[in-house]
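Quick note: the first sequence uses our numbering, first residue 570, plus one each step. Following: one structure in structure tokens, then a few remarks.
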Amino acid sequence: MPYDPARHGPRRIVGPGFHAAVHELVRAVPPGRVATYGDLAAALGNARVARHVGFALAAAPDDGSVPWWRIVAAGGRLARAGTAAAKRQTARLRREGVVVRGDRVADFGGRRWTP
DNA sequence: CGGCTGACGACCT
DNA sequence: GAGGTCGCCAGCC
């Protein structure tokens, strides 16, 4: 289906360096707080590229310089629930005082942080 | 240059 | 709630 502004809304270009831009934003999330993929995508100018935020995190260095564990899916859900990555994320969040029940962040409304 | 690969989100049945 | 569709596009080969 071709792009149709009436159906799909205004097209916005994310542009090159997207991963780096995501990493920058993620570094700004304070400890004990969480942000969503969609929020970061919106902050980057295109709410539809939430997926790419995820891809950018997958490519992020896992050395602590990018706190990827503070990024959750819409509604406070953990992405990739049940995987080893999700377990690691849960452990790291709890270490910061974030309560996680099952695959969800408790009190998501109060924990949510947006750029 | 073409094809493939994806940490999502909104919406539908 | 559970499961499927589709839009979205940078980065890597």
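Beta carbons are placed, not taken as given, at the ideal position from N, Cα and C, and that holds for glycine.
Check: N-terminal and C-terminal residue of the alpha helix (DSSP H) that G552 is part of; Outcome: Past the edges of the chain, shown from 570 to 684, lies residue 552, and the structure says nothing about it.
Check: Collapsed DSSP secondary structure at A648 in the structure displayed; Outcome: coil
Check: For R511, three-class secondary structure by DSSP; Outcome: Past the boundaries of the shown model lies residue 511; the chain is included only from 570 to 684, so the question cannot be answered.
Check: For P636, the nearest candidate out of R673, F587, G586, R664 (CA to CA); Outcome: R664
Check: Closest by C-alpha distance to G679, when choosing among G671, V667, W638; Outcome: V667
Check: Local Cβ density within 10 Å of A604, reported as buried at 16 or more and exposed below that; Outcome: buried
Check: Delimiting residues of the alpha helix (DSSP H) encompassing V668; Outcome: It is not in any alpha helix (DSSP H) - V668 carries neither H nor E in the DSSP assignment.
Check: Touching by the beta-carbon criterion (3+ pairs, under 8 Å), the stretch 648-658 and the stretch 611-618; Outcome: no
Check: C-beta atoms of R639 and R673 nearer than 8 Å; Outcome: no
Check: Sub-8 Å separation of P684 and A610 beta-carbons; Outcome: no
Check: Collapsed DSSP secondary structure at R576 in the structure displayed; Outcome: Low confidence applies to R576: its pLDDT is 38, below 50, so where it sits in the model is not reliable, and the reading given next is rough at best. Looking at R576 - three-state DSSP - the assignment turns out to be helix.
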